[in-house]
Amino acid sequence: EVKKNAPLSNAAFEVLAVIAYNQPVTKAFVEQVRGVDCSGVISTLCQKRLIEEK
26 EVKKNAPLSN AAFEVLAVIA YNQPVTKAFV EQVRGVDCSG VISTLCQKRL IEEK
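Using this note's numbering, you'd call the opening residue of the sequence shown number 26 and step up by one each time.
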């Protein structure tokens, strides 16, 4: 379980920035921009309800 009030990591802020600047985006696009797997970060952001899958 993810605490909603827990601070975000630098990776999470990076993913949010990529999404905000380029939306709508796919997970593959975010991973291409960052150059690393983002599954965990994206999962955390979804659980915190900062992003949503469509």
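Just so you know, even glycine gets a beta-carbon here, dropped at the ideal spot from N, CA and C. Computed from a prediction, not measured in an experiment: that's the story for all the values here.
Valine 58 to leucine 75, Cα distance in whole Å? For the purposes of this step, residue 58 is taken as residue 33 along the sequence shown, with counting starting at 1. For the purposes of this step, residue 75 is taken as residue 50 along the sequence shown, with counting starting at 1. Taking the straight line from one Cα to the other gives about 19 Å.
Straight-line gap, proline 49 to asparagine 30 (C-alpha atoms, nearest Å): Numbered from 1 along the sequence shown, position 24 holds the residue referred to as residue 49. Numbered from 1 along the sequence shown, position 5 holds the residue referred to as residue 30. Near 26 Å, if we compare the C-alpha coordinates of asparagine 30 and proline 49.
List the endpoints of the continuous alpha helix (DSSP H) containing glutamine 48. As a working mapping, residue 48 is identified with position 23 in the sequence shown. Careful: glutamine 48 lies outside any alpha helix (DSSP H) and carries neither H nor E.
Under 8 Å by Cβ, that's how I've got alanine 37 and leucine 70 pegged, so tell me the actual separation to the nearest angstrom. The residue you call residue 37 lines up with position 12 of the sequence shown. The residue you call residue 70 lines up with position 45 of the sequence shown. Confirmed, Cβ separation roughly 6 Å.
When we look at the beta-carbon of valine 61 and count the other beta-carbons within 10 Å, is it buried (16 or more) or exposed? In the sequence shown, residue 61 corresponds to position 36, counting from 1. The residue is exposed, with fewer than 16 neighbouring Cβ atoms inside 10 Å.
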